[in-house]
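Trainee: Sending over a structure as structure tokens; questions will come in a sec.
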Amino acid sequence: MRITDVEVVILRVPPAGQPCEWGWDGVLVLVHTDAGITGVGESDTSPYVVKAFIEAAHSNLACFGLRETLVGENPLEIQRLWSKMYESSSYMGRRGVGIHAISAVDIALWDIASQYYKQPIHMLLGGKFRDHIPAYGTFIPVDNPDGNRRLAAEVKARGFKAVKFGGGSFGLDIEHDYKVVKAVRDEVGDETGVMIDMVSRWKTWNNALSCCKRLEEFNLGWVEEPVPSDDLDGYCRLAQAAPQPISGGEILATRWEFKDFMERGRPGIVQPDITRCGGISEMVRIGHLAEMYGMRLVPHGFSTGVLLQATIQFLAAYPDGNLIEYSQSSSPLFTDLTGPMPKLKDSALAVPDLIGLGSTLDWDCIKKYRIA
Ligand code: MG
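Residue numbers (my numbering): 518 to 889.
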């Protein structure tokens, strides 16, 4: 079996020039083979830059676009191809979007392998530790506390035992944040987990520490990305002093960035995104690191069903994979692009024994929103 083409599909719901929130655009990478098998991957990043990174013609040995690197190769040689992609794009890649693009290809290669061997991805990863993965629901908050009270109530009513929110105007003023967190905690009660995502808005560790203390009474499950991810010493000082567990890492790529984050930042929880950290292959390696550093791994995930299914397959085969993020986005790229979407039961998602990513692409949805 040989790779014949790598196709990049850019999707966008709002018209060009209109604002676009998380989850309302996306990029799929389709790896085609001469055996009639196609693998699907995605990356939650700039679709346009991923397309350029994959389609670029080579200019020297360290500047190959991924398509040129892959065409003609055997797609089952996933680890060798990961290294080949990494090395042949190293001048322009190594981190950031280079690894985001490799993540999408890697997920597609695992999808191909699963179809070729006729085994679920979690079997190829060594077998599953669990049949169900507890899930928490994430929503993007609105400006007023009462609106967030309603959003949290909706998420709880869908059956989640934990909710997370962040973005919007949350994180810009601690007294506003206090009112929002209080409204949500009052609404969902003490039995439901509440986590907050600061998207790096608290800037410095000492400011973040005072904000964490201000919110201490709400018994938050974690405080996510309180300070910028490059401030590893800030993470470390905050993680030692804050009353809540500190989490982060969705922005990081490769085992090397996570090694630094774990060694120097010392968060309680690491949150690699499978479509940005380097795909399923690199997520497994980051998982090994998390085990060695004694940290909990709860993947980030707020995009399409391709990301969700890839994350489920990894977590099923990860010893400590006992919590998954479940987007509450109403974007058709989440609700309609792939099917069937995993259903929540007893606050958990079932691990499908399906071949591949277990999701069929809805080509009507793709036709409707494809812009390139
Ligand atoms: Mg986040």
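We treat Cβ as the ideally placed atom computed from N, Cα and C, and that holds for glycine.
All values reported here derive from a predicted model rather than from experimental measurement.
Could you compute how far the alpha carbon of arginine 675 sits from the alpha carbon of alanine 573?
Mentor: Their backbone Cα atoms lie some 44 Å apart in a straight line.
Trainee: Can you find a heavy atom of the ligand MG that lies under 8 Å from the Cβ of valine 787?
Mentor: No.
Trainee: With a threshold of 8 Å, establish whether the CB of valine 716 neighbours any heavy atom of the ligand MG.
Mentor: Yes.
Trainee: Following a CB-centred definition, is glycine 683 positioned closer than 8 Å to any heavy atom of the ligand MG?
Mentor: Answer for glycine 683: yes, Cβ within range of the ligand MG.
Trainee: Could you give the DSSP three-state label for histidine 549: helix, strand or coil?
Mentor: Histidine 549 falls in the strand class under three-state DSSP.
Trainee: Taking the alpha-carbon of glycine 688 as reference, which of Lys720, Gly540 and Gly644 has the nearest alpha-carbon?
Mentor: For the residues Lys720, Gly540 and Gly644, the minimum Cα distance to glycine 688 belongs to Lys720.
Trainee: Excluding the 5 residues preceding and the 5 following glycine 795 in the sequence, name in chain order all residues of the same chain whose CB lies nearer than 7 Å to its CB.
Mentor: Excluding sequence neighbours, glycine 795 sits near Ile616, Ile619, Ser620, Asp623, Ala770 and Thr771.
Trainee: Determine contact between the stretch 536-545 and the stretch 606-614, defined as no fewer than three beta-carbon pairs at a distance below 8 Å.
Mentor: The answer is no - the stretch 606-614 does not touch the stretch 536-545, with fewer than three Cβ pairs under 8 Å.
Trainee: Compute the distance between the beta-carbons of glycine 684 and valine 716, then report whether it is under 9 Å.
Mentor: Contact: yes.
Trainee: On a Cα-Cα basis, can you pick out the residue from Ser820, Val787, Arg793 and Arg718 that is closest to glycine 811?
Mentor: Ranking the options by Cα distance to glycine 811, first place goes to Val787.
Trainee: Can you find at least 3 beta carbon pairs, one from the stretch 823-834 and one from the stretch 653-663, that sit closer than 8 Å?
Mentor: At 8 Å Cβ cutoff, the stretches do not touch.
Trainee: Is the closest heavy atom of the ligand MG to the C-beta of histidine 817 under 8 Å?
Mentor: Yes, Cβ of histidine 817 sits closer than 8 Å to a heavy atom of the ligand MG.
Trainee: Quick one: give me the first and last residue of the beta strand (DSSP E) that methionine 712 is part of.
Mentor: Element bounds for methionine 712: 710-714.
Trainee: With DSSP collapsed to three states, give me the class of phenylalanine 656.
Mentor: Phenylalanine 656: strand per DSSP, three-state reduction.
Trainee: Excluding the 5 residues preceding and the 5 following leucine 642 in the sequence, name in chain order all residues of the same chain whose CB lies nearer than 6 Å to its CB.
Mentor: If we look at leucine 642 and ignore the five residues flanking it on each side, its Cβ neighbours are Ala834.
Trainee: DSSP has proline 857 in a bridge; who is on the other side?
Mentor: Answer by DSSP bridge pairing: none, since proline 857 is not bridged.
Trainee: Write down the C-beta distance between alanine 652 and tyrosine 843 rounded to the nearest angstrom, noting that I regard them as a contact closer than 8 Å.
Mentor: Sure, about 4 Å apart at Cβ, within 8 Å.
Trainee: Using DSSP with H/G/I as helix, E/B as strand and the rest coil, what is tyrosine 634?
Mentor: Here tyrosine 634 sits in helix by DSSP.
Trainee: In chain order, what are the residue ranges of uninterrupted alpha helix (DSSP H) at least 4 long that sit wholly in the stretch 738-764?
Mentor: Counting whole runs of 4 or more residues, the stretch 738-764 contains the alpha helix (DSSP H) stretches 749-758.
Trainee: How would you label methionine 809, buried or exposed, when you count the other beta carbons within 10 angstroms and need 16 or more for buried?
Mentor: Label assigned to methionine 809: exposed.
Trainee: Using the rule of at least 16 other Cβ atoms within 10 Å of the residue's Cβ for burial, across every protein chain shown, is arginine 718 buried or exposed?
Mentor: So arginine 718 ends up on the buried side.
Trainee: Starting from lysine 601 and walking both ways along the alpha helix (DSSP H), at which residues does that stretch end?
Mentor: Start and end: 595-605.
Trainee: For glutamine 632, which residues in the same chain have their Cβ closer than 7 Å to its Cβ, ignoring the five residues on either side in sequence?
Mentor: Here the set comprises Ile554, Ile872 and Gly873.
Trainee: Kindly list the residues whose CB is nearer than 8 Å to the CB of leucine 850, restricted to its own chain and excluding five residues on each side of it in sequence; keep chain order.
Mentor: So the qualifying residues of the chain are Leu528, Val530, Gly540, Trp541, Asp542, Gly543, Ser820, Thr821, Cys882 and Tyr886.
Trainee: With DSSP as the reference, please indicate the residues paired to aspartate 522 in a beta bridge.
Mentor: Aspartate 522 pairs with His549.
Trainee: Three-state secondary structure (DSSP) at histidine 649?
Mentor: Strand, per DSSP.
Trainee: Is the beta carbon of glutamate 524 within less than 8 Å of some heavy atom of the ligand MG?
Mentor: Flag unset: Cβ of glutamate 524 not near the ligand MG.
Trainee: With a threshold of 7 Å on Cβ separation, who are the neighbours of valine 697 within its own chain once the five nearest residues in sequence on each side are excluded?
Mentor: Cβ within range, chain order: Pro658, Pro662, Asn665 and Phe687.
Trainee: Rounding to the nearest angstrom, what Cα-Cα distance links valine 588 and threonine 521 in this structure?
Mentor: Whole-angstrom Cα-Cα distance: 5 Å.
Trainee: Just verifying my parser: in three-state terms, what is the DSSP assignment at threonine 771?
Mentor: In this structure, threonine 771 counts as helix in the three-state DSSP scheme.
Trainee: Determine which residues share a DSSP beta bridge with arginine 557 and list them.
Mentor: Checking the displayed sequence, the identity of residue 557 turns out to be valine instead of arginine. The partner list for valine 557 (beta bridge, DSSP) reads Leu547.
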